[in-house]
Every structure is written in C-alpha cells, then in structure tokens.
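Novice: If you scroll down you'll find the structure; I have some questions about it.
Protein chains: 2
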Amino acid sequence: MAVIYRVNMTDLSVRSEAPGPGYLETGGRGLTSALIAAEVRPTCHPLSPENKLVIAPGVLTGTGAPCSGRLSVGAKSPLTGTIKESNSGGMGAIAMATLGIRAIILEGKPADRGLYRLIVNTEGIQIEPADELAGLGNYETVGRQYEEFGDKVSCLSIGQAGEMGAAAASIAVTDVEGRPTRHCGRGGLGAVMGSKGVKVIVIDPRGGHRPKPADVEAFKRGAQKFQEILKGHPLTGEGLPTYGTNALANVINQAGAYPTRNFSQGQFEGTEAISGEHQHDVILERGGEIAHACHRGCTIKCSRIYVDENGQYVTKGPEYETIWAHGADCGIDDLDAIARMDRLDDDFGLDTIETGATIGVAMEAGIIPFGDAEGAIGLLEEVGRGTPLGRLVASGAEVLGKAYGVSRIPTVKGQSMPAYDPRAVQGIGVTYATSTMGADHTAGYSIAANVLGVGGTVDPLKPEGQVELSRNLQIATASIDASGLCLFVAFAVLDKPEAMDAICDMFSGLLGREFTADDYLALGKATLAREREFNRAAGFTAADDRLPDFFKTEKLAPHGATFTVSDEELDTVYNFVGE
Amino acid sequence: MAVIYRVNMTDLSVRSEAPGPGYLETGGRGLTSALIAAEVRPTCHPLSPENKLVIAPGVLTGTGAPCSGRLSVGAKSPLTGTIKESNSGGMGAIAMATLGIRAIILEGKPADRGLYRLIVNTEGIQIEPADELAGLGNYETVGRQYEEFGDKVSCLSIGQAGEMGAAAASIAVTDVEGRPTRHCGRGGLGAVMGSKGVKVIVIDPRGGHRPKPADVEAFKRGAQKFQEILKGHPLTGEGLPTYGTNALANVINQAGAYPTRNFSQGQFEGTEAISGEHQHDVILERGGEIAHACHRGCTIKCSRIYVDENGQYVTKGPEYETIWAHGADCGIDDLDAIARMDRLDDDFGLDTIETGATIGVAMEAGIIPFGDAEGAIGLLEEVGRGTPLGRLVASGAEVLGKAYGVSRIPTVKGQSMPAYDPRAVQGIGVTYATSTMGADHTAGYSIAANVLGVGGTVDPLKPEGQVELSRNLQIATASIDASGLCLFVAFAVLDKPEAMDAICDMFSGLLGREFTADDYLALGKATLAREREFNRAAGFTAADDRLPDFFKTEKLAPHGATFTVSDEELDTVYNFVGE
Numbered sequence: 003m004a005v006i007y008r009v010n011m012t013d014l015s016v017r018s019e020a021p022g023p024g025y026l027e028t029g030g031r032g033l034t035s036a037l038i039a040a041e042v043r044p045t046c047h048p049l050s051p052e053n054k055l056v057i058a059p060g061v062l063t064g065t066g067a068p069c070s071g072r073l074s075v076g077a078k079s080p081l082t083g084t085i086k087e088s089n090s091g092g093m094g095a096i097a098m099a100t101l102g103i104r105a106i107i108l109e110g111k112p113a114d115r116g117l118y119r120l121i122v123n124t125e126g127i128q129i130e131p132a133d134e135l136a137g138l139g140n141y142e143t144v145g146r147q148y149e150e151f152g153d154k155v156s157c158l159s160i161g162q163a164g165e166m167g168a169a170a171a172s173i174a175v176t177d178v179e180g181r182p183t184r185h186c187g188r189g190g191l192g193a194v195m196g197s198k199g200v201k202v203i204v205i206d207p208r209g210g211h212r213p214k215p216a217d218v219e220a221f222k223r224g225a226q227k228f229q230e231i232l233k234g235h236p237l238t239g240e241g242l243p244t245y246g247t248n249a250l251a252n253v254i255n256q257a258g259a260y261p262t263r264n265f266s267q268g269q270f271e272g273t274e275a276i277s278g279e280h281q282h283d284v285i286l287e288r289g290g291e292i293a294h295a296c297h298r299g300c301t302i303k304c305s306r307i308y309v310d311e312n313g314q315y316v317t318k319g320p321e322y323e324t325i326w327a328h329g330a331d332c333g334i335d336d337l338d339a340i341a342r343m344d345r346l347d348d349d350f351g352l353d354t355i356e357t358g359a360t361i362g363v364a365m366e367a368g369i370i371p372f373g374d375a376e377g378a379i380g381l382l383e384e385v386g387r388g389t390p391l392g393r394l395v396a397s398g399a400e401v402l403g404k405a406y407g408v409s410r411i412p413t414v415k416g417q418s419m420p421a422y423d424p425r426a427v428q429g430i431g432v433t434y435a436t437s438t439m440g441a442d443h444t445a446g447y448s449i450a451a452n453v454l455g456v457g458g459t460v461d462p463l464k465p466e467g468q469v470e471l472s473r474n475l476q477i478a479t480a481s482i483d484a485s486g487l488c489l490f491v492a493f494a495v496l497d498k499p500e501a502m503d504a505i506c507d508m509f510s511g512l513l514g515r516e517f518t519a520d521d522y523l524a525l526g527k528a529t530l531a532r533e534r535e536f537n538r539a540a541g542f543t544a545a546d547d548r549l550p551d552f553f554k555t556e557k558l559a560p561h562g563a564t565f566t567v568s569d570e571e572l573d574t575v576y577n578f579v580g581e
Numbered sequence: 003m004a005v006i007y008r009v010n011m012t013d014l015s016v017r018s019e020a021p022g023p024g025y026l027e028t029g030g031r032g033l034t035s036a037l038i039a040a041e042v043r044p045t046c047h048p049l050s051p052e053n054k055l056v057i058a059p060g061v062l063t064g065t066g067a068p069c070s071g072r073l074s075v076g077a078k079s080p081l082t083g084t085i086k087e088s089n090s091g092g093m094g095a096i097a098m099a100t101l102g103i104r105a106i107i108l109e110g111k112p113a114d115r116g117l118y119r120l121i122v123n124t125e126g127i128q129i130e131p132a133d134e135l136a137g138l139g140n141y142e143t144v145g146r147q148y149e150e151f152g153d154k155v156s157c158l159s160i161g162q163a164g165e166m167g168a169a170a171a172s173i174a175v176t177d178v179e180g181r182p183t184r185h186c187g188r189g190g191l192g193a194v195m196g197s198k199g200v201k202v203i204v205i206d207p208r209g210g211h212r213p214k215p216a217d218v219e220a221f222k223r224g225a226q227k228f229q230e231i232l233k234g235h236p237l238t239g240e241g242l243p244t245y246g247t248n249a250l251a252n253v254i255n256q257a258g259a260y261p262t263r264n265f266s267q268g269q270f271e272g273t274e275a276i277s278g279e280h281q282h283d284v285i286l287e288r289g290g291e292i293a294h295a296c297h298r299g300c301t302i303k304c305s306r307i308y309v310d311e312n313g314q315y316v317t318k319g320p321e322y323e324t325i326w327a328h329g330a331d332c333g334i335d336d337l338d339a340i341a342r343m344d345r346l347d348d349d350f351g352l353d354t355i356e357t358g359a360t361i362g363v364a365m366e367a368g369i370i371p372f373g374d375a376e377g378a379i380g381l382l383e384e385v386g387r388g389t390p391l392g393r394l395v396a397s398g399a400e401v402l403g404k405a406y407g408v409s410r411i412p413t414v415k416g417q418s419m420p421a422y423d424p425r426a427v428q429g430i431g432v433t434y435a436t437s438t439m440g441a442d443h444t445a446g447y448s449i450a451a452n453v454l455g456v457g458g459t460v461d462p463l464k465p466e467g468q469v470e471l472s473r474n475l476q477i478a479t480a481s482i483d484a485s486g487l488c489l490f491v492a493f494a495v496l497d498k499p500e501a502m503d504a505i506c507d508m509f510s511g512l513l514g515r516e517f518t519a520d521d522y523l524a525l526g527k528a529t530l531a532r533e534r535e536f537n538r539a540a541g542f543t544a545a546d547d548r549l550p551d552f553f554k555t556e557k558l559a560p561h562g563a564t565f566t567v568s569d570e571e572l573d574t575v576y577n578f579v580g581e
C-alpha cells in the first residue's frame with residue numbers, strides 16, 4: 003500500500019503509482035536523490051517546468067523509531083545548480099508516512115501562473131486554486147489551514163520568498179503546535195515549490211495507519227535499545243535538551259572557528275550575550291520552554307520556545323546556526339533582535355543561514371554597518387515587501403555580493419557557509435568543498451571529531467586526516483538522511499557501537515529481512531554516487547570542489563590559520579564511488 | 003623604447019620595464035591575454051587585489067595602418083569568471099602607441115578605497131588622488147580632463163557602474179571629438195578598473211613618436227594595398243559608411259534571427275522603425291552625421307552622430323547591437339528613446355548589450371512591461387543613482403534573473419548573448435557556447451557566412467559545418483584582435499585573399515622580418531590556447547561550453563528552430579589546441 007504520488011502542475015492532474023523495487027527500501031534523501039537523478043535533466047533551469055520537487059519521509063518515519071520524523075525535499079537547486087536535498091523536522095513526514103506515502107513528486111508548472119494548494123488525505127491528493135493566499139507569510143498561510151481543517155493536519159508551505167522564486171527560499175513544515183517553524187532551509191527549494199505554483203500542502207493523516215513492521219518484536223527491541231542509548235549519551239541525553247544546539251556558540255568561539263563579521267575574524271566579542279547558556283537563562287526567566295520536541299517521538303528535544311519580555315511567543319529556538327548567522331556573522335549580539343529575525347525568516351520562508359550570511363555581505367558592502375541590528379531587521383523586512391533590495395537579500399550572499407561588487411563571499415557552489423570557519427576547522431572545509439550540496443555542515447559534520455571529541459579526535463588546524471574524516475561522515479550522513487532519523491543521533495552512533503546495532507535491528511524488524519551495518523552504509527554510498535553523477539552531468543567538476551580563494555590567502559585570527567588541505571586531497575574524498 | 007608600465011595601486015607606485023621577447027611581436031588581445039595568463043591566479047576573485055587590468059594597443063596601432071586603432075583591455079572578468087579581453091575604438095590606443103607603451107598593467111587595490119587618476123605622458127605615469135570625481139558619469143569625468151589638459155589627450159574612464167563594481171561596467175575610451183563614446187563594453191572590466199581605484203587615465207601623447215616601421219617602404223605598400231581593398235569591398239567601402247552597423251537590423255530580422263522580447267521570438271514587428279535605413283534618414287534630416295570615424299586612420303567610418311529633433315548631439319551611433327538590445331529585445335521601436343539609453347549607458351559606463359539584455363529579463367520578470375521605453379529609461383536611471391534596482395540592472399541578466407526567479411536567461415558563462423538568435427544562426431551558437439569569453443558575437447562572427455554570404459555560405463539552420471566555421475573565425479579573430487585592426491576588416495579579408503597579403507606586408511614592414519599568413523594565424527592560435535588554459539585552471543570545462551537549455555527545448559518562430567549542434571561537436575572546436 004506504499005504509494006508515490008505525481009502531481010502534474012501543468013495540467014493539474016494527479017497520478018499514483020506503486021514504488022518500484024529499487025525505491026521500496028530507501029526513503030528520505032535516498033529516495034529524493036534517486037528520483038531526481040533518474041527523472042530530471044541535469045542541465046535544466048531549476049525554475050523551469052522540467053525540474054521536479056520530490057518530498058519524502060525517511061524509511062523509519064512513522065514507525066515509532068525514536069527521532070525518526072525527518073522529512074526530505076529534493077530538486078535541482080536554484081541556489082547551487084546541483085542536486086539538492088534539504089531536510090526538516092516537524093510533523094509533516096509522520097503525517098505522510100501515516101498515509102503510506104513514500105513520496106510526492108511535483109512536476110511541470112501552471113500555465114496561468116496561478117497559486118494552488120494541495121490537500122493530501124486518505125482519498126489521495128486534490129489540487130485547489132489558492133490565489134487568495136498570494137503574498138501571505140507562512141504563519142498566516144498555515145493559520146488559515148488550521149482554521150479550516152483543525153489541528154490534526156500538517157502543512158508544508160512557502161512564504162513570500164518562495165513565491166518570488168528567491169534562491170534562499172525555504173519550505174516550512176509545521177511543528178507539533180502547528181507553527182511553521184521547521185524548515186527545509188537550504189538550497190532555495192521553496193523557490194522550486196513556488197515555480198510549481200504550490201503555496202501550501204495540507205496533509206491530513208486521519209484515517210491513515212502507521213507503517214507496520216514485518217517483525218514487530220524485533221523492531222521494538224531495536225527501538226527501545228536505541229532510545230536508551232540516546233538518553234544515556236551526554237549530548238543527546240543532556241546537553242541538547244538543556245542548552246539546545248546553541249550550546250555550541252561558546253565552544254566554537256573558544257575554538258576560534260566562530261565566523262565573525264562576514265568571515266573576517268574567528269572569534270566574536272559578543273558571544274556570551276548570544277550563547278546557549280544565556281539563551282537558556284533568558285528563556286526560563288521569561289517563562290518560555292526548553293527541551294521542546296519539534297515532532298512527536300523525539301527524545302532529544304533540542305528545540306525551545308523563545309518568548310519576549312512579556313512571555314509572549316516570538317519564535318522557536320532560535321538554533322545555533324541562526325543565532326550565528328544573524329548574530330556573530332553580522333556583528334550583532336542582541337538575542338531578542340536575532341529572535342525577531344528568526345521569526346521573519348520563518349514567516350517569509352527564508353533559509354536563516356543563507357539570509358544571515360547575505361546580510362553579513364550586505365554589511366561588508368556598506369549597505370548597513372556591522373552590528374546594526376535594526377538595520378538588519380529592516381533589510382529582512384524588504385524581503386516581505388518584495389522590493390529590489392529584498393529580492394537581493396532573498397537571493398543569497400553570492401548574488402548580493404555580485405550586485406554590490408564584494409569580493410569576500412563565503413560560499414561554495416553558490417551556497418553560504420554555516421557557522422564554522424574552515425580555516426580553524428579544516429575537516430568542515432573538506433565537507434563544504436566536496437559535498438554534493440554546496441557548503442553544508444550537516445553533510446559531514448567534522449566538528450564532532452575536530453572540536454567536540456565525539457567519534458575520535460582529529461586536530462582541527464592540520465590538514466592530516468580531514469579527508470578521511472569528512473568522507474566517512476558524508477557516507478554516514480547520507481545513510482541517516484535516508485532513514486528519517488535526526489542527524490543528532492549520530493553523536494550517539496559515533497560513540498557507541500551498539501547504537502548501529504539498534505538501527506540495524508529497527509531496519510530488520512521493519513523490512514522483515516536481515517539488515518546489516520554494511521547495508522546501512524550502502525544506502526548512503528549509493529545516494530552520494532547518484533548525486534555526484536547528477537552534478538557531473540550538470541557540469542560540476544573537481545574545480546567546483548574548492549573553497550573560495552580568500553580562505554587560502556587571508557589568515558584567520560586568533561590562530562593565523564589558512565585552509566591547507568590540498569586540492570589533490572580534496573579530489574580523493576569520493577574515491578569510494580570509483581570515478 | 004617599447005615600454006610596459008606596472009601601476010601598483012596598493013602602494014601607489016609605478017614601475018616601467020622592457021617587454022620580454024615573447025611580448026614584443028604581439029599586442030592587443032594577444033598581449034593582454036598572455037599577461038593575464040602568466041600573472042593572474044585563475045581562481046582569484048575578479049575584484050580582489052590579485053586580479054590585474056591590462057591595457058594594450060594592437061601591434062599595428064599608431065603605425066598609420068588603416069583601421070588599426072583598437073585598444074584591448076584584459077582581466078579576469080567579474081561577469082564571466084573567465085579570462086576576458088574587451089576591445090574598443092576611440093583614440094586611446096593610438097595615444098598609447100605614440101608614447102611607445104605596449105601595455106599598462108594595473109595591479110593591487112588601494113587600502114583607503116580612494117579614487118585616483120593616472121596621468122600618462124612622455125615622463126611616465128603619475129598617480130593623483132581624484133576623490134572629487136567620485137560619482138560622476140563619463141561625460142563629466144572626461145569633460146573636466148579636457149578642460150585641464152586641452153584637446154590633444156585621450157581618456158579611459160569609468161562611470162558610476164565601474165565605481166560600484168558592477169559586472170556590466172564598461173571602460174569608456176574617448177573618440178576623435180573627446181567624447182566617452184567608445185567602450186570596452188563586455189565582461190565588466192570597468193568594475194576591475196573601479197576595484198583598483200582608478201577613475202580615469204589621461205593619456206597625453208604630445209612629445210611622443212609613432213612607431214616607425216623597420217622597412218618603411220614595405221609597410222607603406224601593404225598599407226596602401228589594404229586601404230584600396232577596404233574601399234573596394236561593398237560592406238567596408240559602402241554599406242558600413244552609409245548605413246552603419248545597424249544596416250544589419252533588417253537583414254537579421256529577415257533571417258528570423260533577430261532576438262525579440264528576451265529571446266522569445268525571432269522577428270520584431272517594429273524593426274523598420276529602428277532599422278539602419280530609417281536611422282540614416284533620421285540622422286540626415288536632423289543634421290547629424292553619417293560616415294563618422296571613431297578614430298583617426300579609420301577608412302570604414304561606420305559610426306554616426308545621432309542628434310535630437312533640434313539637431314543637438316545626443317550620442318554616437320547607436321550601433322546595431324545597442325539598438326537591438328534596447329530595442330527589439332525589449333519590444334521597443336522608438337529610436338530616440340534607444341539613443342537616450344545609449345547615452346545613459348555611455349555616461350554611467352555600461353555595456354549596452356548586457357544592459358539591454360538585462361532590461362529584457364526585467365521585463366520578463368514583470369518589473370516593467372515589454373515595449374515600455376520610458377520604463378526602461380527609468381530602470382537605467384536607477385543605475386546612476388546606485389539604488390538596489392540599479393545595482394541589479396548593472397549586474398547583468400543572470401544576476402537580475404536570479405533575483406527575480408526568471409528561468410529564460412540568454413547567457414553563456416554569465417554573459418548575455420548579442421543580437422543573433424543561435425537557433426536561427428547555428429554557427430553563432432557555436433561561438434557563443436565555446437568562446438573563451440562567454441556569449442560574444444565578435445569572437446567568431448559566423449553571421450558572415452551564415453547570413454551575409456561573406457567568406458562562403460553555410461546554411462544557418464543546419465548543424466553541418468558550423469563548428470569548422472566558428473573555429474576558423476575564432477582563430478582569425480584572435481589574430482585580428484592582436485593586430486589592433488578593427489574586426490570589420492575581416493569582411494574584406496574573408497572575400498579577398500590579397501587582403502591577407504597586405505596585412506602580412508604591414509607586419510613584415512613593421513617588424514623587419516618576413517611575416518606570413520601562418521605567422522599571423524599562429525598569433526590567434528597561441529592566444530586562444532592561453533585563454534582556454536586559464537579558463538580550465540579557473541574551473542571551466544566542456545560543460546560550460548553549452549547554450550542554456552531553452553535553446554534546445556523552445557522552438558523559435560518563424561523557423562520553428564532549436565539549436566541542434568551536438569555537444570560532441572561543440573567539444574571539437576578547440577581541437578587545434580591539442581587538448
């Protein structure tokens with residue numbers, strides 16, 4: 003009863019099909035990348051009718067496996083031109099899985115340039131005109147759906163940025179409270195959804211059934227063991243619930259790897275004021291919430307609810323990457339201002355990393371000075387109004403930098419780097435350079451071994467060992483991204499060998515056949531190989547697997563470091579693909 | 003006494019050196035590309051201190067050879083990321099040659115972000131602060147220099163666009179009347195000059211001496227023969243002087259290859275009103291000037307002086323490409339409006355092709371409607387004011403298209419296509435795709451054989467023969483661009499074998515050694531090989547030698563044609579390089 007839906011937005015028709023045998027034992031990024039690689043011409047324009055947007059829950063999603071609610075969205079990216087998968091928490095993936103949906107594929111482009119909404123339920127998918135939603139933010143857009151459909155549905159939606167076709171546009175996924183706070187942020191996939199004329203997808207799981215494992219007992223054993231391991235690990239059991247992802251701010255700043263003022267320094271003097279510890283205190287003082295789960299079945303609960311001085315809801319988190327992007331990278335140390343920007347990003351439907359980095363470049367261009375929090379909020383508000391400056395802010399650091407003649411642009415394949423300077427953490431530089439997705443920390447989170455001492459220790463300032471570290475993490479991540487498990491389980495997997503057994507037990511129980519660690523890693527390897535082949539056919543070569551020149555020529559304080567992993571070494575990251 | 007000057011804009015110092023032996027027998031593009039390839043790191047950011055701007059007259063410039071006044075400017079391009087040479091008429095090249103200068107190389111970048119002017123004369127080069135010129139257009143900038151230095155000097159300058167670092171920024175070269183009407187337009191080299199902090203270069207040739215041929219009699223024989231051939235050819239002797247470059251409008255429209263409304267159609271219903279024939283009549287009626295030479299020693303005289311209804315000077319030309327870009331490509335059939343836009347382009351320092359194509363994309367984005375001449379002028383005026391929208395207009399079609407989510411972007415390697423649709427003239431599509439410079443008609447003007455019946459005939463709608471045609475023209479063009487001869491001499495060279503002899507006689511006479519047609523073509527081949535190697539090292543591959551997808555998928559009326567030269571054929575264009 004597993005089903006793939008094809009929604010043709012050119013003729014507004016829907017077709018359902020049974021997943022082919024190759025697609026049955028993968029999911030999430032494994033499925034989105036397999037479908038994009040098989041069906042999208044690599045040289046097409048990302049906003050043309052030929053591109054497709056594929057939405058898929060992970061293999062384990064909906065089964066009750068702990069922390070398995072991730073949703074993958076894939077397409078050819080308008081930001082990078084590469085194949086792209088961007089994933090998110092929230093309740094959308096579980097809702098899809100409950101309906102037995104392995105993937106929804108949006109194809110074509112409406113001739114009338116109209117806006118539509120999709121209603122997904124046990125009947126299938128209905129396409130309805132939704133021009134009345136034009137120009138609305140995500141909060142208002144999903145708010146109207148909850149009024150109409152009640153609180154059991156989940157929504158995927160785009161804000162103004164996605165409607166504009168902006169390259170930093172995200173796809174919002176509603177959380178447990180029905181707020182559009184979780185985002186497939188990276189790579190501008192919201193613009194692809196916008197180009198298809200789809201404003202919102204309402205997923206109504208009522209009447210559906212969660213996937214039933216073939217061997218229920220075996221599955222349960224694995225799930226229980228996995229939960230215990232997650233609870234027992236200091237990061238997933240304690241650090242992340244208590245301080246959230248932003249526990250990293252002080253750690254990375256200490257390491258001299260906290261990119262400050264558009265990657266011109268490695269430490270920010272205002273870190274304390276925007277740290278996870280301070281954020282924790284502010285939230286508790288004001289009556290917000292820590293240890294908040296972004297989807298049911300999450301045991302890590304790294305999210306939080308940020309409230310203002312009157313205890314009124316402002317936004318979720320904000321997360322480490324967001325606080326860095328709108329904070330240190332812009333020289334801003336005002337947590338309340340950062341929370342307002344996070345809220346605006348979520349509402350307009352913008353990747354917080356790309357948007358913060360773009361504002362950093364705007365500051366370097368002199369549009370506003372570094373540290374100007376109100377000016378930064380003003381720039382963001384331009385996005386909502388669709389002004390030319392707003393279009394630039396929503397188009398990413400590379401486009402804004404080009405329009406303003408800035409030469410220090412911290413991007414790879416057109417995508418802005420996240421919150422770790424690759425000069426002070428060389429392993430993450432290898433991931434930024436070689437990931438199939440452009441600069442992306444989640445693709446191979448070397449910070450674990452480079453800084454956190456998780457899964458071993460590799461000196462962050464030396465080139466030695468970084469390629470192997472990044473390669474292994476990129477493979478493991480692609481496997482996790484197929485499973486539907488949250489990437490944060492990796493901390494436990496890296497430290498506890500029995501966590502891998504527990505994952506394999508859950509896969510074995512679900513699929514009803516023996517599933518080994520090798521099978522698991524094969525999922526990731528196959529995904530990376532497909533993605534890389536797509537990119538090759540789209541025109542990407544080794545020359546694109548490089549950091550911008552300035553990381554090799556400008557020394558970063560306090561270590562005086564430059565990026566020293568050689569091009570030859572970078573070119574060996576994918577040697578397992580057999581190119 | 004030949005000299006190369008290095009102007010270091012970081013420490014504001016000037017060094018002179020004798021050209022190395024490899025540089026003595028080349029010039030123009032041959033010299034700019036050799037120097038860039040030898041001295042600039044291919045991966046550097048085009049606006050970083052590591053890029054260099056090289057300015058060089060051709061080998062024959064200043065000798066009195068007919069039509070030999072072309073000036074080449076080279077750098078790594080902010081628009082394309084490739085090596086770039088952009089060349090121009092005007093008096094600047096002759097002034098440099100008269101001072102014995104083979105090249106001026108601008109290096110570094112001022113730490114104070116100040117603006118400077120360079121005074122070039124028999125004493126050398128002086129660097130002077132010129133902050134008072136900040137924000138001025140080219141007309142006012144050079145006007146002030148002529149007031150100060152009198153009418154014997156020539157100026158190279160940038161307008162507001164170059165100061166902004168805009169990727170469509172040109173470098174203006176003054177004409178015989180001291181107006182900034184001739185431009186090194188393509189590739190954003192004005193932004194590189196701006197990044198070096200150089201607003202204007204005043205070249206004072208007084209006291210200098212024209213290069214003296216080693217064998218004066220031989221040189222004169224060649225020059226005289228060459229002049230006779232140019233006068234006797236129907237295009238260079240009659241068509242171009244009478245109707246200017248815009249004689250092409252009706253011809254290309256007839257061929258169904260006149261890109262209309264952002265390359266969505268191949269014929270423009272308003273062509274008659276913007277044709278060269280109509281332009282000729284308007285100019286003569288109003289007391290303007292046809293058969294105007296852009297530099298002394300030009301016998302073709304394709305330029306004209308365009309005046310308003312009161313007979314007051316508006317601008318030169320405008321040229322065919324400009325009238326197309328601001329006209330048919332935007333659905334505009336108002337010659338006076340187009341002339342005003344040409345004037346604004348020249349004043350702000352913008353490539354008219356890139357700017358017109360960008361406005362066409364802005365129209366496709368719905369910023370203003372197609373055909374809205376006053377709206378287009380309004381968009382251009384935004385550039386002068388430096389608004390965000392103006393920055394976008396000055397950044398080229400690809401950046402504006404990305405910011406507005408447009409999928410039909412007629413560029414190759416980031417540079418907008420000129421006035422010939424490659425679906426209806428397949429040979430020019432080969433040149434656009436494979437040129438080392440991005441989409442560029444002058445790099446290998448297949449229109450000659452595809453449409454004009456010059457140098458043979460190759461069916462424009464079929465793929466057969468196009469690669470060979472483009473290859474031969476790309477080689478011949480690179481040779482011409484080294485010589486300092488105007489590309490229009492190629493019409494005569496293609497039709498009259500004795501024209502090649504005349505060129506070789508001039509080279510032989512100048513250099514004092516036998517110079518054959520093979521030597522001449524070797525100049526072009528060596529240049530292309532260097533350029534291609536630079537691009538390879540900068541990360542360009544065969545995948546970049548392609549037209550945008552829509553030329554293969556959208557049929558062009560009236561022929562219903564798509565671009566059908568195969569990728570495999572495109573990859574053979576440079577087989578002479580021995581890759």
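If you read the protein sequences in the order shown, they are chains A and B. Here the numbering used here runs 2 ahead of the position in the first sequence, where the first position is 1. Here the numbering used here runs 2 ahead of the position in the second sequence, where the first position is 1. A virtual CB, placed ideally from N, CA and C, is assigned to each residue, including glycine.
(1) Which residues, in order along the region 485-512 of chain B, keep a beta-carbon less than 8 Å from a beta-carbon of chain A?
(2) By a C-beta neighbour count over all protein chains shown, 10 Å radius and 16 as the cutoff for buried, is Glu581 (chain B) buried or exposed?
(3) Please list, in chain order, the chain A residues whose beta carbon lies closer than 7 Å to that of Gly409 (chain B).
(4) So with CB distances below 8 Å, who are the chain A contacts of Tyr406 (chain B)?
(5) For chain C, find out if any of its Cβ atoms is closer than 7 Å to the Cβ of Gly145 (chain A); answer yes or no.
(6) Can you check whether the C-beta of Gly187 (chain B) is within less than 7 Å of a C-beta belonging to chain A?
(7) With 7 Å set as the bound, which would you pick, yes or no: does the beta-carbon of Asp283 (chain B) sit closer than that to a beta-carbon of chain A?
(8) Taking only beta-carbon positions, decide if Ala441 (chain A) is within less than 7 Å of chain B.
(9) Have a look at Asp348 (chain B) and Gly392 (chain B) and give me their C-alpha separation to the nearest angstrom.
(10) Going by DSSP in three states, Val427 (chain B) sits in which element: helix, strand or coil?
(11) From Ile361 (chain A) to Ile96 (chain A), what does the alpha carbon distance come to, in whole angstroms?
(12) Does chain A have any CB closer than 7 Å to the CB of Ser74 (chain B)?
(13) Going by the CB atoms, is the gap between Ile107 (chain A) and Arg31 (chain A) shorter than 7 Å?
(14) Could you give the C-beta distance for Ala484 (chain B) and Gly91 (chain B), rounded to a whole number, given that I count them as a contact under 8 Å?
(15) Out of A:Ser481, A:Val427, A:Asp546 and A:Asp573, state which residue places its alpha-carbon closest to the alpha-carbon of Pro560 (chain A).
(16) Let me see if you follow: with CB-CB separation under 7 Å, is Asp551 (chain A) close to chain B or not?
(17) Is Val495 (chain B) closer than 7 Å to Cys69 (chain B) when the C-beta atoms are compared?
(18) List the residues of chain B that Ser197 (chain A) touches, going by C-beta distances under 9 Å, in chain order.
(19) Return the residue from the list A:Ser50, A:His185, A:Thr65 and A:Ile57 that minimises the CA-CA distance to Gly319 (chain A).
Specialist: Considering the structure as presented:
(1) none
(2) Note on Glu581 (chain B): pLDDT 43, under 50, position unreliable in the model; the coordinate value appears next. Exposed is the call here.
(3) In the sequence under discussion, the amino acid at residue 409 (chain B) is Ser, which differs from the Gly named in the question. Near Ser409 (chain B) (Cβ distances below 7 Å), the residues of chain A are His47, Leu49 and Ser50.
(4) Met166, Gly167 and Arg393
(5) In the structure shown, chain C cannot be found, because the protein chains are A and B.
(6) no
(7) no
(8) no
(9) 15 Å
(10) coil
(11) 34 Å
(12) no
(13) no
(14) Ala484 (chain B) to Gly91 (chain B), Cβ: 16 Å. No contact.
(15) A:Val427
(16) yes
(17) no
(18) Gly407 and Ser409
(19) A:His185
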